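In what follows, a single structure is set out as structure tokens and then discussed.
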Amino acid sequence: MTLSRVNNRVWKTHTEKFVDYAEEKLKLMQFLTLTEKEKIELLADGVKDPSLRRFALNTWAADIPEFLEHMRKITEDGVVNRRQDQGYKHQPKEGYKHLPKSTAMEKTCTHCKKKGHWAKDCYIAKRACYNCGQTGHLSAACPKKKSGISSTLNHLDRDTDTGAMEPLTSSETTSDGVYLIENETPYVTVYSYGNRNKSFCALADTGSPVSLIKRSIYNEYFENYKLLQIRENLHLKGINNSKIITHGKVHDQICLENLKDQWFDIVLLVVDDSTIAFDMLLGRDFFSKTKIKLIYQNGTFKFEHPSDDAVMVNNIFSIDAIDERDRYDIILDELDNDLDFSTKNNLLQVLRKIDATEIEPVKDEYKIRVHLKDVSFFRYAPRRMSMTEKLELKKITDDLLKQGIIKPSISPYCSRVVLVNKRNGSKRMCVDLRPLNQRIFPQKYPFPIIEDQIDQLYGKKIFTKLDLRDGFHQIDIHADDTKYFAFATPYGQYEYVKMPFGYSEASAEFQKHILNIFEPLLREGKVLLYIDDILIATTTIAENLEILKEVLTTLRRYNLELNIAKCLFLKKEIEFLGYLISAKKISLNKRHTQAILDFAYPVNIKQLQGFLGLTNYFRRFIKDYALKTRPLHNLTKKSVDFNFDDQCKQSFDSLKFELTSAPVLHIFNPVAETELHTDASGQGFGAILLQKQINGKMAPIVYYSKATNDSEKKYHSFELETMAIVKALERFHVYLQGMTFRVITDCNSLALAVKKININPRIARWTLAFQNYKFELVHRSSNKMMHVDFLSRYTTTVNTITAEDELMFRQLTDPKLKEIAEHIELHESKKFSLIDGLLFKRYKEMDLFVVPENMINNIIRLNHDENGHVGIEKTMNAILEHYWFPGLKLKIKQYIDNCIKCLSYNIASGKAEGEMQIVEKDTIPFQTIHIDHFGPLEETSDKYRHILVIIDAFTKFVWLFPTKSTGTNEVIESLETLFNLLGHPKRIISDRGTAFTSQNFSKYIEENDVKHVMTAVAFSWANGQVERVNRFLKAILSKITNDPTEWKKQLTVVQHVINNTLHKAINSTPSKALFGFNQRRKEDEQLRLLINKLRKFDKKYEELRAEVQSSAQEINRKLQEYNKSQYDK
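With my numbering, letter number 1129 in the sequence shown gets 1356, and the count goes up by one each step, no holes.
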């Protein structure tokens, strides 16, 4: 039966990915005794497309992961390309190849019930070999598989980075000087001149008049090549005259596998990935220009080229462009238009000559050493990954092994890896090196002083800036220290032998290495260098080109590469280290002050107060600050209409100018104490880079502000705060790389979370960016971060006034507070201070906002009601994080003592667990119930995944309803069942899950005259009764069910035992409290013992319900006495 199910499972090419098909079919195979090869054959059998099945059978994959990777490549990452672009037709099998195609495809096998062959040809019936088609053996034991060169030609190797399938080829030179490359399919491995360490799989198709390249391949590997426009009259059509969309063309040179000393010009049109199945397509234009012949003979394709027509690498620059520019011509578009043709041509000659010249490399002896302050071992198991992620990770590690960047490891140290999405949709592997970074001695390597660098640029007229590719994977790690860079994957452990991404000392190591390499040029003043930027500044073009030759030669000698797309040549104005440099002037780049300059005039008091909060933070640098801000402060006074007149605009503009120029704005100093202040809100992100000056004050260096997009607006505040830091680090990278600094945030949970190993995957990916910087994350209360808070909120207009906005406005109109504020303006005070014209109380080294009398209850409500109705002490502590008012503790106590919900539903902790939820008139069951969902659990055979938990607050009786989802409809159905039995309760307590906040649920409880009470967001423990049952369920279900998908069958048993087991809060069983007797059922004594163990008690049951109710009333009396004692203190 199982074999039949396996055979009948086929790949639904149009509706599912191959990997999903394979995973499901492999599950069916787990009950069969099969080898890896036999499993692969059965998977291949489910591929109904004849050509794709042939590809599947030609893999000779050693294991399932290798086979799945192969299939992913040839089906375009799991989705079959149904366009028949391959340029040749699949050859039918021997058993029916003489039949017409239409006839062959109509035949149906009576054995396997599949179309396309007769029963006599069915390989399932005879278990025929996939390799040779003969019976009596399987492909794994095929005698022809390893015989002769044909087996080698038939083998398909994997390119571990491009996602393409590459054939291993046989190459030989004939007696007449003709190079031959033989393959069983018209595919060939090619290399790009700009990506010489990278291989690509190309399809040879002489039926296509042009050559093509996938858009994803271009985006990832050809970013240094400019995308050129295609002439308007060029139109491409595919099968059925369907139009093929082209995105431009790129010029390159390629060589074929095993002919790496022969390079050929090619023009590649960039097309959508769905157009071709492989990385490239070599069309008729390529073969006609290169004189390569594609010959099909005896089942083998031959690529034939006369040897005397070969183009050698060192002669490549002498080739004339066939119809467009060569690859270095892309630089012309980046040059100033006023440069004459001769100058541009001279630059191209310099670049071509250096690239074509044979330069003897220098043996680079520089290796990084790791010095640990803590030698303790750290070792983390690999994270759980999906099959797709595992295959992607294997592809990346295979490529790194091939390039010699990593090696297998047996190190006692081991970090985890995280897969991060690139912009083009591919994956990048990052190692979480936080455990290592925390254990090393940070280097105090002196970085060049930016002010000194800028001073050397005065009087210069011509500028060339070269951008080095980052030092990652370019610098060797000392052999004794590679063990510290080990990491674990599902396929084994490896360690880096070259410096990886995420090492906190990477910038310092790269800076030391580069300074050492360019020391002669630096000493002569020919270049300026900061991390990975090299600046050549001269007074003449000729001098600039001469120095450029020396720099490029040095880079070639040390095998360092340029990021050519980011290089700028012979510019008259250039940005360097945050400054705009030209012959006329040197000024700070406006983008660093744009966050301030873009401020529009405020339209309400909230926006004005935010701006004043920012300026107040830097008031010590603004002369006559009080005088300059007086017109603005006047608008915040009581009974003053908000009229932003000309005088206010003049004051506002004056303050913006002050904030974006000296003496407020200072020049960055790499040796000064540095802080990065960040903040985020639903409106945007804000950041200010500050440094301590000679006078001991922190002064701004640059500002940053950016609005959130639609998707970012939906992020949790914790995620927004994390992203604010990431964006600020990216913007200020030129200043912060290699430095030791502090990041100041008002999100305390973030400061704690980033220290954990297991965190939210999205946060984990973002925090990987932190590893390249050396900083301490420091929490500071939000009332001390108003300056940066304004930058995060001023990106959009705020029209609504929140409770906090109202507080700030009301303080200005409170007579008592106004009197105190006016006194402080004239006299010093140790207890109060004025910040931005607002009154603050100094309390335990903090400045707390003084709450006006008419808003005190609102503040208590926000910190008590919206905080899960916590007790007096917790409410007071929450308020004292930000606010203060006279008689604070007494007023909080009075408020909570009169809180109806607290008197009705409060849950005590410790020994009195659950007894605080007593309302005097609720002396009967089913007046108050608690509801919540538990799960998700393993899906049952009938698709159930959750449990709806309902608890009677008085008797503690529990009902457990299995549900397929957490939707409202199933909740209402369960409640309706319960209400029909016991009637309607007075109130329902739940969290704010979507099932309980929907309109349908609200309408339902309204129709049934039931009050709905919801706990505060993120305070699930406020619904404590149901949370305790959820904890019991988690422990019980995991222990009493051998099969996790069979939990539903045990649910009635669990419910019975819970309701018939002693409950400490009522000193009885819930069944007795509700019915007056225990329910009868065949008891599971082992389960009862487990429940008692979890609850940590073992007492006898009470006999009568009256006694239970009397006990509950006694608990209520003691509770009232406790409340009175608290009040009387």
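Ideal placement from N, C-alpha and C gives every residue a C-beta, glycine not left out. As the structure is a computational prediction, the values presented were derived from the model and not from experiment.
Within the DSSP secondary-structure output, Ile704 pairs in a beta bridge with Ile595. Inclusion of Thr935 and Phe912 in the CB contact set at 8 Å is warranted, their separation being smaller than that value. Bridge pairing for Pro927: Leu917 [DSSP]. Closest in alpha carbon position to Thr1204, among Ile1215, Trp1186 and Lys1213, is Trp1186. Selection Ile457, Leu483 and Asp479 evaluated against Thr473 yields Ile457 as nearest (Cα-Cα). Exposure of Asp937 is indicated by the presence of fewer than 16 other C-beta atoms within 10 angstroms of its C-beta.
When the beta-carbon positions are compared, Lys476 and Val497 come within less than 8 Å of each other. DSSP assignment within the segment 1060-1115 yields the following whole beta strand (DSSP E) runs of 3 residues or more, N-terminal first: 1065-1070 and 1073-1077. In this structure, the beta-carbon distance from Thr863 to Thr842 does not fall below 8 Å. Between Lys940 and Gly965 a beta carbon distance of about 34 Å is seen, past the 8 Å cut, so the two are scored as non-contacting.
Excluding residues up to 5 positions away in sequence, Thr766 and Ala810 lie with their Cβ nearer than 6 Å to the Cβ of Lys688 in the same chain. Around Asp703, the same chain offers Lys594, Val724 and Lys725 as residues with beta carbons nearer than 7 Å, after the five sequence neighbours per side are excluded.
Contact between the segment 620-629 and the segment 966-973 is absent: fewer than three C-beta pairs spanning the two stretches fall below 8 Å. Taking 8 Å as the cut-off, the Cβ atoms of Asp506 and Phe427 count as close.
Taking a cut-off of 8 Å for Cβ pairs, the segment 595-603 and the segment 566-575 do not touch, as fewer than three such pairs fall below it. When the Cα atoms are used, Asn1085 and Pro829 turn out to be separated by approximately 27 Å. The C-beta distance from Val1198 to Ala1222 rounds to 5 Å, short enough to fall under 8 Å. Cys974 is bridged by DSSP to nothing; it lacks a bridge partner.
Between the C-alpha atoms of Arg596 and Arg666 there is a straight-line separation of about 13 Å. The Cβ atoms of Lys1071 and Thr1167 lie no closer than 8 Å to each other. Beta-bridge annotation (DSSP): Leu618 is not paired with any residue.
In the DSSP assignment, Glu722 is bridged to Lys634 and Ala713.
Taking a contact to require three or more Cβ pairs closer than 8 Å, the segment 572-590 and the segment 607-619 do not qualify as touching. With a 10 Å radius around the Cβ and a threshold of 16 neighbouring Cβ atoms, Arg232 comes out exposed. Within the DSSP bridge table, the entry for Ala907 names Phe912 as partners.
For the pair Tyr931 and Ser881, the Cα-to-Cα distance works out to about 20 Å. Collapsing the DSSP output to three states places Ile493 in a strand.
Cβ contact annotation for Leu509 (same chain, cutoff 6 Å, sequence separation greater than five): Ala429, Ala431 and Ser438, in chain order. For Asp659, the three-state secondary structure derived from DSSP is strand. Between Lys1170 and Lys1191, the C-beta gap is smaller than 8 Å, which places the two residues in contact. Residue pairing from DSSP places Trp1186 in a beta bridge opposite Ile1177. Residue environment analysis places Thr994 among the buried positions, since at least 16 neighbouring C-beta atoms fall within 10 angstroms of its C-beta. Residue burial is scored here from C-beta neighbours: Arg1255 has at least 16 other C-beta atoms within 10 angstroms and is therefore classed as buried.
The three-state reading of DSSP puts Asn743 in helix, counting H, G and I together. The alpha-carbon of Cys641 is positioned some 4 Å away from that of Arg606. In the DSSP assignment, Val246 falls within the unbroken alpha helix (DSSP H) covering Phe245 to Met256.
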